[in-house]
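Here the structure comes first, spelled out in C-alpha cells, and everything after it is commentary.
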Amino acid sequence: MRWRYRETVLALVTLAFFVTMVGRLAISPVVPEITTEFEVSNAFVGAALTGMWLTYAFAQFPSGLLADRYGERPIVLASIAGTGLTSILVVTAPTFGVFFLGTVSLGVMAGLHYSVATTLLSRTYDDNLGTAVGVHNSGAPIAGLVTPVVVSWVAIRYGWRPAVAITAIVAIPATLLFARYVRPTEPQRPDQRMRGRLELGPIVELLSRPKIAFTAVIALVADFTWQGLASFLPTFFAVHRGHSATLAGVVFAAYFVVQGILQIWVGSLADRYGRDRAIALCFGTAILGIALLVGVPGPAGLVAGILLLGLGMGWGAAVFPRFMDNLSADEQGAGFGLVRTVYMIVASTGSVVVGLLADLFGWAVSFGALIGLLGIVLVLVVANIVFDLGY
2 MRWRYRETVL ALVTLAFFVT MVGRLAISPV VPEITTEFEV SNAFVGAALT
52 GMWLTYAFAQ FPSGLLADRY GERPIVLASI AGTGLTSILV VTAPTFGVFF
102 LGTVSLGVMA GLHYSVATTL LSRTYDDNLG TAVGVHNSGA PIAGLVTPVV
152 VSWVAIRYGW RPAVAITAIV AIPATLLFAR YVRPTEPQRP DQRMRGRLEL
202 GPIVELLSRP KIAFTAVIAL VADFTWQGLA SFLPTFFAVH RGHSATLAGV
252 VFAAYFVVQG ILQIWVGSLA DRYGRDRAIA LCFGTAILGI ALLVGVPGPA
302 GLVAGILLLG LGMGWGAAVF PRFMDNLSAD EQGAGFGLVR TVYMIVASTG
352 SVVVGLLADL FGWAVSFGAL IGLLGIVLVL VVANIVFDLG Y
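Residue numbering for the sequence shown follows our numbering, beginning at 2 and increasing consecutively.
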C-alpha cells in the first residue's frame, strides 16, 4: 500500500501522544526518591500528581477553542514542546514548590494534545476514523509499557532527575518531525473571539443534546473504570490473586500491550459495523475479563482475563469517533474538548472510589462495582441498538 500524507499525520500525532503520556507517567516510578530529596510526604507528591491529572482534564476544552482559532498544528506543536519544557522545570526544581508548579504545568501542556489531535484526524480521514483513532490511542499503552521500565532503570543508575528528563529527550525529535512534516490546517473559526465561545447557553445546549449526553455517559463510565484499573491492577494481582510483585508488574505490562494492539481492531469494527456495536463488544468483554480475574484462579483465568479486559479497555477507538459523528465540523475542536473536560473530571474519581471500596469491602466487591457500572451502560447501549432509540 502506498504511503500517503494522512499516514504521516497519523504516525506523528501517535508519536506526540506517546510523548505526552511519557511525561505524565515518568514521575510515578520515582516518587520515593522525590519524597526523600524534598523531605515531603507521599501525600504532598500525590497532591502534585492529582493536580497534574486535573489540569490535564481542564485543558481539553481550551485546547479545542485555540485550535478553532489558530488551527490544529500549532496547538499540537505547543503540546509536544511544552511537555518537554515543563518536564525540564520538574527535573531542575530546587524546591518542592517549584516541583509542584512544574508537575501541574506539565498536565496543562500534555492536555492540549488529545482533543486537538482527534479533530485533526477527523479532518484528515474522511473514512476509517475509528481505525485511525485506535492507532493514535496506541501511543498511550506503549508509553505505559515502556516508561516505568526505562525510568526505573535510569533512576537506579543516575537518579530520579535524569530519569524524568527522558520526557524532554523524546519530545525534541517528536516536535521537530511534527513541525517538518505536518501541514497547517485552516482554522474553523479564525475570527470569533474566545470570550464568545465561553457563554453558558451554547455550552449547555451542546452537552444536553441526547446523542452527545449519551456518549458522554458511556465515556464517563469507561474512563472511570480505566482510571480505577490503571491505579490498582498491580496491587490487585499481588493481594487478591497472590502473585509476586514481579509477576504482577509483568501482567500489568501485558495488559497495556493487549490494549494497545486490540484497540486498533476495535476502531476497525466501529468503522465497519457501527460505533454502538463496537462499544457493546468492549463493555461485554471488559465485564467478562474482570469477572475472570476476580473469580477464576490459575493461569487460564489470568490469561483469558487480561485478553478480554485489554480488548474491553480499547473502547476509546469506538467512543471518540461517536462524539465526532455527532458534532459538526466547526464544533469538533471545542465541542470534543468540552465533553472530554466534563467527563474526565468526574471519571478521575475512579482511583479514589476503587481504592476506598477495596479498603472497606475487599477487591472482589471493588472490582464487582466496576462490573455493575459497565453492565448498566451495556444494557443501555444494547437497548439503543435493538430499539433504535436515537441516542
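Using N, Cα and C, we set each Cβ at its ideal position, and we do this for glycine too.
Original post:
Since glutamate 73 is in the alpha helix (DSSP H), which residue starts that stretch and which ends it?
Top reply: 73-92
Original post:
Taking the Cβ atom as the reference point for each residue, do arginine 70 and proline 191 lie within a distance shorter than 8 Å?
Top reply: With respect to the 8 Å criterion, arginine 70 and proline 191 are classified as neighbours on the basis of their beta carbons.
Original post:
DSSP state of histidine 137, grouped into three classes?
Top reply: Note: histidine 137 maps to helix in three-state DSSP.
Original post:
When the Cα of glycine 47 is compared with those of Pro95, Phe62, Phe101 and Gln189, which residue comes out closest?
Top reply: Phe101
Original post:
Does DSSP put arginine 341 in a helix, a strand or coil?
Top reply: Three-state DSSP puts arginine 341 in a helix.
Original post:
Which of the three DSSP states, helix, strand or coil, is assigned to glutamate 187?
Top reply: In the displayed model, glutamate 187 falls within coil according to three-state DSSP, outside both helix and strand.
Original post:
Which full runs of the alpha helix (DSSP H) of 4+ residues lie inside the region 91-127, going along the chain?
Top reply: 97-112 and 115-125
Original post:
Along the chain, where does the alpha helix (DSSP H) that runs through glutamate 200 open and close?
Top reply: Glutamate 200 -> no alpha helix (DSSP H), and no H or E assigned at all.
Subject >> leucine 328 (DSSP reduced to helix, strand or coil) >> reply: coil
Original post:
Looking only at C-alpha atoms, which of Tyr274, Phe362, Leu11 and Gly334 sits nearest to tyrosine 182?
Top reply: Leu11
Original post:
Under the rule that 16 or more other beta-carbon atoms within 10 Å means buried, what is glutamate 187, buried or exposed?
Top reply: exposed
**OP:** Measure the C-alpha to C-alpha separation of tyrosine 57 and glycine 112 and round it to an integer number of angstroms.
**Re:** 4 Å
**OP:** Sort Leu303, Pro163 and Val134 by Cα distance to valine 251 and report the nearest one.
**Re:** Leu303
**OP:** State the DSSP-derived secondary structure class of tyrosine 256, mapped to helix, strand or coil.
**Re:** helix
Original post:
Which value, in whole angstroms, describes the spacing of the CA atoms of leucine 55 and glycine 108?
Top reply: 7 Å
Subject >> At least 3 beta-carbon pairs within less than 8 Å: the region 36-53 vs the region 133-146 >> reply: no
Original post:
At what residues does the alpha helix (DSSP H) containing threonine 9 begin and finish?
Top reply: For threonine 9, the enclosing alpha helix (DSSP H) begins and ends at 6-26.
Original post:
What distance in whole Å lies between the Cβ atoms of leucine 146 and phenylalanine 257, which are believed to be in contact at a cut-off of 8 Å?
Top reply: 5 Å
**OP:** Count the other C-beta atoms from every protein chain shown that fall within 10 angstroms of the C-beta of alanine 301, then say buried if there are 16 or more, exposed otherwise.
**Re:** It is exposed - the Cβ of alanine 301 has fewer than 16 other Cβ atoms within 10 Å.
Original post:
In chain order, what residues of the same chain have a beta carbon less than 8 Å from the beta carbon of alanine 166, not counting five sequence neighbours either side?
Top reply: Ser88, Ile89 and Val92
**OP:** Can you tell me which of the three DSSP states aspartate 277 falls into?
**Re:** Collapsing the DSSP output to three states places aspartate 277 in a helix.
Subject >> Residue interval of the alpha helix (DSSP H) (run including histidine 43) >> reply: Note that residue 43 is asparagine in the sequence shown here, rather than histidine. Here the alpha helix (DSSP H) through asparagine 43 covers 43-59.
**OP:** Go to glycine 313, then tell me how far its alpha helix (DSSP H) extends in each direction, as first and last residue.
**Re:** 299-313
Original post:
Tell me which same chain residues have a C-beta within less than 6 Å of the C-beta of phenylalanine 215, skipping the five on either side of it?
Top reply: Tyr392
**OP:** Would you decide whether asparagine 43 is buried or exposed? Buried here means 16 or more other CB atoms lie within 10 Å of its CB.
**Re:** exposed
Subject >> tryptophan 227, buried or exposed, once every other Cβ within 10 Å from all chains shown has been counted against 16 >> reply: buried
Original post:
Who are the near neighbours of alanine 348 in its chain, counting only those whose CB is closer than 7 Å to its CB and skipping five residues on each side?
Top reply: Leu221, Asp224, Phe225 and Gln228
Subject >> Residue interval of the alpha helix (DSSP H) (run including phenylalanine 215) >> reply: 211-240
Original post:
Does DSSP classify tyrosine 182 as helix, strand or coil?
Top reply: helix
**OP:** Tell me whether phenylalanine 388 is buried or exposed, calling it buried when 16 or more other Cβ atoms sit within 10 Å of its Cβ.
**Re:** Exposed is the call here.
Original post:
Relative to the C-alpha of alanine 319, which residue among Ala281, Met22, Phe362 and Ala370 is closest?
Top reply: Ala281
Original post:
Three-state secondary structure (DSSP) at asparagine 129?
Top reply: coil
Subject >> Identity of the residue in Ala305, Ala217 and Leu309 nearest leucine 339 by Cα >> reply: Ala217
Subject >> Residues near arginine 124 in its chain [Cβ-Cβ closer than 7 Å; skip 5 each side] >> reply: Sequence-distant Cβ neighbours of arginine 124 in its own chain, meaning closer than 7 Å and more than five residues away, are Thr186.
Original post:
With a cut-off of 8 Å, do at least 3 Cβ pairs link the region 329-344 to the region 59-68?
Top reply: Yes, since at least three Cβ pairs between the region 329-344 and the region 59-68 fall closer than 8 Å, the two stretches touch.
**OP:** Return the chain-ordered list of same chain residues with a C-beta closer than 7 Å to the C-beta of leucine 234, the five sequence neighbours on each side being excluded.
**Re:** Phe253 and Tyr256
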